[in-house]
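FYI, in the working numbering the residues of the sequence shown are 259 to 867. Beta carbons are placed, not taken as given, at the ideal position from N, Cα and C, and that holds for glycine. Each remark here refers to the structure printed beneath this line.
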Amino acid sequence: MNVRELRERANLYLYGSKVKVLGVLSFLNVLVSLTALGVLIYYYGFRLDPEAKDLCFKILEISFAFYILRYLLKFIYDFNPSDFIRNNWFEGVIVILLLVEGVAYNFFDTMIIEPVFISLGFEDFGAFSTIFVQLFIFIIILNNLFKERKFKPWLKIHPGWLFTISIALMTLVGGFLLMLPEMSRIEGGMGFTDSLFLSMSSVSVTGLTTVDISEALTFKGQLIVLVLIKLGGLNTIAFGALMLVVAKFGVGIKYHEVIEDFVNRDSILKAKTMLAKIVIWATTIELIGIILLFIGFGNQGVFADTGNRAFQAVFHGISGFNNAGLSTLHGGMMHPDVINSTYIHTVLMILFFLGGFGMIYLFDLFEFGKLRERMRKPWKTIEFGTKISLYFTLGLVAFGAIVFMCVEWNRSLAGEGALSSVVISIFESLTTRNAGFNVVDTSELAMPVMIVFLFLMFVGASSGSAGGGIRTSTFAIMWASVISTIRGKKNTELFKRTIANDTVLKAYAIFIFFVIGNIVGPFILSISEADLLASGKYDFMDLVFEHVSAASTVGLSTGMTSELSITGKFVLIVAMFIGRVGTLTLAYLVGKRVLSKNYKYPSGHTMVG
């Protein structure tokens, strides 16, 4: 009897119990995964005595054993083992790692990964073992939870609602985790309002915070913030692609138009490939940025410890590319060890320029196939959307940098060299698009610069990026509409292209919604923060600046964030949430859709202006 015949007999023998066994495994998988997730939160979120820690670790070890057993049973009950291995390769890799690390830990009392880090110079491995264990267990739990079809019916909702709900859930979960005692150095843990504010700021990649995360948060808390930044950095294009990937689980044809509007491409059939490209490109850019920052930080001051230096590089690399503006250095980029580093400033500028530019536009500019095609066919140019993003971004950045340099030359730039002045001016202009980092004290800037910064924050980053604001494309279309009207043209034209009327209407709708939001918000703040204004420390301009910064998810502040009342903090939380989701998206979701578009009223005429 050969192996093939033996396998066939085994399949026949197992066939009768396959459905029952896999059903039990499926139920146990959800139960074990949820239990492990709860234990993980309890283990890392609270201060435990040695006995409690041992109990938690034993429960996690049991869950590891279950995951290994589950994988082996699924392999045995699958009638095509080679296909099973190929289709479940990720789970297989995790099982192998579990076996290797389990044997190493139980028999040799060490982890395989530990000597690797120590050999690289990370003598204090404690923090990195925490990262490794947390990430390792978390991936296992999520992988097993989301492989169960019981969760997939939740995806059968409007993609816009799914995006909105996902942002809200991430914020609430992040806020809950940050409240845990082990996440902060605050006695009794961080309060609900401050933790929710920080979570919303991280998820919306804004950067405003009511506490100094370098001092208030422990390493675990900073790690939670880093994860929230990464999750929140998923831009609208990546979300559109994700919606297509899960469409087979229930997102019907009637939602494909909505998904296409998110993706802004001619066909949604390429969305899965685009999602993979987004992940690969974003990860590559972040890794390059992290390496460059690690080199640039040197080994002096707070960076003397290699482990801390590596973590700072990772945190600022991810925060920079995702335009979060949060920093684990006291004072951010104004920390004494980085304030005078033109190299660090330049690396961060490149990171948040690329992060706020829009991934599909980066593909169009730098993808090898597109570059080769343009070299072979000189008449081929970059796409229309890329032109808008590139030219208007460069124009706005140049405008902001020139104004900053001219006005601040004898103020914040006094004593700086020519090169340093140019870098600081470009840095400050770029950061208003969405980054939130700053190398000068925003509260000390001249009023003309503050007004220009308000305008740049209002416009924001490019469409399809992690940034906020009305977006450069909206500003470009409105600009083109104004110019076309002045010149007496019937159509809106830009870069020798005619822009569809419905696109122009969308641009004006976004503009109007954003203006209304930034009128209502400061109005409420002027009431809730009356005592703060009466103290004379801040004025109404500071309130407007704070709200526009939150609504545009920028993160610049004149320093009043931590002094806001609870009402004021919740106003900014709402502003950051709307800024992350998008005003037009929310309007579409809550607005009543017309039943029919197949009619037209008689034309009406009136005076304008």
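CB contact flag (Thr468, Lys747, <8 Å): Between Thr468 and Lys747, the C-beta spacing is not below 8 Å.
Would you decide whether Ala562 is buried or exposed? Buried here means 16 or more other CB atoms lie within 10 Å of its CB. Looking at its Cβ environment, which holds fewer than 16 other Cβ atoms inside 10 Å, Ala562 is exposed.
Let me know the secondary structure DSSP gives Glu244 once reduced to three states. As shown, the chain starts at 259 and ends at 867. That puts residue 244 outside it, with no answer to give.
Met437 vs Ile482 beta-carbon contact at 8 Å: No, Cβ-Cβ distance for Met437 and Ile482 is not below 8 Å.
Cβ of Gly565 within 8 Å of Cβ of Leu486? For Gly565 and Leu486, no; Cβs fall outside 8 Å.
When you compare the CB positions of Val762 and Thr743, do they come within less than 8 Å of one another, or not? One thing to note: Val762 has its Cβ no nearer than 8 Å to the Cβ of Thr743.
Extent of the continuous beta strand (DSSP E) to which Glu751 belongs: Here the beta strand (DSSP E) through Glu751 covers Thr750 to Leu752.
Residues of its chain near Gly510, where Cβ-Cβ distance is below 7 Å and the 5 sequence neighbours each way are ignored: Only weak support is given to the placement of Gly510: the predicted model assigns it a pLDDT of 43, under 50, and the value that follows is read from those uncertain coordinates. Within the same chain, Gly510 has no close Cβ partners at all.
Taking buried to mean at least 16 other C-beta atoms within 10 Å of its own C-beta, is Asp219 buried or exposed? Nothing can be reported for residue 219, as the shown portion of the chain is limited to 259 through 867.
Sub-8 Å separation of Tyr619 and Ser647 beta-carbons: Less than 8 Å divides the Cβ of Tyr619 from the Cβ of Ser647.
Quick check on the burial criterion: 16 or more other C-beta atoms within 10 angstroms. Buried or exposed for Tyr766? Classification of Tyr766: exposed, given that the 10 Å Cβ count is below 16.
Suppose contacts are defined by Cβ-Cβ distances below 8 Å. Is Leu814 in contact with Thr690 by that definition? Annotated as proximal: Leu814 and Thr690, with beta-carbon spacing under 8 Å.
How far does the beta strand (DSSP E) with Thr756 in it extend, from its first residue to its last? In the DSSP assignment, Thr756 falls within the unbroken beta strand (DSSP E) covering Arg755 to Ile757.
From the DSSP output, read off the bridge partner residues of Ser442. DSSP, once it has assigned bridges, lists Leu475 as partnering Ser442.
Which two residues bound the contiguous alpha helix (DSSP H) that contains Gly627? For Gly627, the enclosing alpha helix (DSSP H) has its first and last residue at Phe626 to Arg634.
Excluding sequence positions up to five away, which residues of its chain have a Cβ less than 6 Å from the Cβ of Phe324? Closer than 6 Å at Cβ, skipping near neighbours: Val290.
Using C-beta distances below 6 Å, list every residue in its chain close to Val353, excluding the 5 sequence neighbours before and after it, in chain order. Ile326 and Tyr329, listed in sequence order.
Considering Cα atoms alone, identify which of Ala693, Lys645 and Thr586 is closest to Leu475. It is Thr586.
Short Cβ contact (8 Å threshold) for Gly727 with Met736: Taking the C-beta atoms as reference points, Met736 is found no nearer than 8 Å to Gly727.
Burial state of Thr819 (16 or more Cβ within 10 Å): Looking at its Cβ environment, which holds 16 or more other Cβ atoms inside 10 Å, Thr819 is buried.
Start and end residues, alpha helix (DSSP H) containing Gln570: First-last of the alpha helix (DSSP H) with Gln570: Thr564 to Phe579.
Which residue's Cα is closest to the Cα of Phe477: Val698, Phe555 and Gln570? Taking only the C-alpha atoms, the option nearest Phe477 is Gln570.
Using the C-alpha atoms, what's the distance from Phe555 back to Ile536? Taking the straight line from one Cα to the other gives about 28 Å.
So Phe258 packs on Ile543, CB below 8 Å; how close in whole Å? What is shown of the chain runs 259 to 867, which leaves residue 258 out entirely.
CA-CA distance, Lys638 and Lys628? Roughly 9 Å separates the two Cα atoms.
Rounded to a whole number of angstroms, what is the C-alpha to C-alpha distance between Lys858 and Met607? Each residue's alpha carbon lies about 50 Å from the other.
Where does His588 sit, in a helix, a strand or coil, going by DSSP? If DSSP states are grouped into helix, strand and coil, His588 belongs with coil.
Exposed or buried, Lys488, counting other C-beta atoms within 10 Å across all chains shown (16 or more means buried)? Looking at its Cβ environment, which holds 16 or more other Cβ atoms inside 10 Å, Lys488 is buried.
Please report how far the alpha carbon of Ile660 lies from the alpha carbon of Gly547, in whole angstroms. Going by the C-alpha atoms only, they are around 27 Å apart.
Output the boundary residues of the alpha helix (DSSP H) element that contains Met663. Annotation for Met663: the continuous alpha helix (DSSP H) segment containing it runs Phe642 to Glu666.
Given a threshold of 16 other Cβ atoms within 10 Å of its Cβ, counted over all protein chains shown, does Pro706 qualify as buried or as exposed? Exposed: under 16 other Cβ atoms inside 10 Å.
Let me confirm a value: Thr825 is counted as buried when at least 16 other C-beta atoms fall within 10 Å, else exposed. Which label applies? Burial call: exposed.
Residues near Glu515 in its chain [Cβ-Cβ closer than 7 Å; skip 5 each side]: Model confidence at Glu515 stands at a pLDDT of 46, short of 50, so the residue's coordinates are unreliable; what they give is reported in the following sentence. By the criterion of a C-beta distance shorter than 7 Å, Glu515 is surrounded by no residue of its chain, once the five residues flanking it on both sides are discounted.
Starting from the C-beta of Glu686, find all residues in its chain whose C-beta is less than 6 Å away, skip the five residues before and the five after it, and write them out in chain order. Cβ within range, chain order: Phe662.
Could you give the distance in angstroms between the alpha-carbon of Phe650 and the alpha-carbon of Ser424? A direct Cα-Cα distance of roughly 31 Å separates Phe650 from Ser424.
So Leu609 and Gly575 are supposed to be a Cβ contact under 8 Å. How far apart are they, rounded? So it is a contact: roughly 7 Å between Cβ atoms.
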